[in-house]
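Be aware that the sequence shown starts at 1, since it is given in this note's numbering, and climbs by one per residue.
Quick reminder that beta carbons are idealized off the backbone N, C-alpha and C, glycines included.
No experiment lies behind these values; they were computed from the predicted model shown.
Below: one structure, written as structure tokens.
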Amino acid sequence: MNSSMMWILIAFIFYLGLMVVIGAVYSKKNNTAEDYFLGGRSLGGFVAALSAQASDMSGWLLMGLPGAILVTGLSGDGWIAVGLLIGTILNWLFVASRLRRYTIKAGNSVTLPMFFENRFRDEKRILLTISSIIIALFFTVYTASALAAGGKLFKSVFNLKSYTLALTIGAVVILLYTFSL
1 MNSSMMWILI AFIFYLGLMV VIGAVYSKKN NTAEDYFLGG RSLGGFVAAL
51 SAQASDMSGW LLMGLPGAIL VTGLSGDGWI AVGLLIGTIL NWLFVASRLR
101 RYTIKAGNSV TLPMFFENRF RDEKRILLTI SSIIIALFFT VYTASALAAG
151 GKLFKSVFNL KSYTLALTIG AVVILLYTFS L
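Written out as structure tokens, the structure reads:
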């Protein structure tokens, strides 16, 4: 292993360690599911917006969009970035604050399916069921794409020969981090 690869590995391990430490320190403040999922509803709008966007912008933004721009040029797929910026700003300005207020009014809803059920007084839980199925379906595909991006990242950064090995390492890292706290 050459020295530049060693520094990349050290930086990567340091980053993961720092994320685990931050997670461990702040997990002690979580007493309820609402604390965990919504920060106890105490986050400011800017921090909540950054958190939402960081959760949304994953492997496709870090790998897919730059790759598409590299292939087609800035004038082709560069407009995707402009559209994302405008959509994000409009979401922060017009949707996020209203949704936050209404989730509290609608039975202190923690998730969108719960919000739909409470907001529209769906006693048969039809909206909750349909929205939960849609979320589960699309997040399965989204999670698979994130794992694939992680595998490609590990394969290219650590110059691994096997994509399967890189994918496995990426999945193990993600699962260990996710379930460690």
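query                                                                           : result
Beta-carbon proximity check, F37 vs V157, cutoff 7 Å                            : no
Cα-Cα separation between I130 and F116, rounded to whole angstroms              : 10 Å
Where F138 sits in the DSSP three-state scheme                                  : helix
Status (buried if at least 16 other CB within 10 Å, exposed otherwise) for K155 : buried
Unbroken alpha helix (DSSP H) run spanning S3, endpoints                        : S3 to S27
Residue of N2, S51, D56 and N30 minimising C-alpha distance to Y142             : D56
Simplified DSSP assignment, three categories, for E117                          : helix
Reference Y177; option with closest CA among I13, I8 and L65                    : I13
Supposed close pair G150, I174 - CB separation, criterion 8 Å                   : 6 Å
With 16 other Cβ atoms within 10 Å as the buried cut-off, status of A11         : exposed
Backbone secondary structure at L160 - three-state DSSP                         : coil
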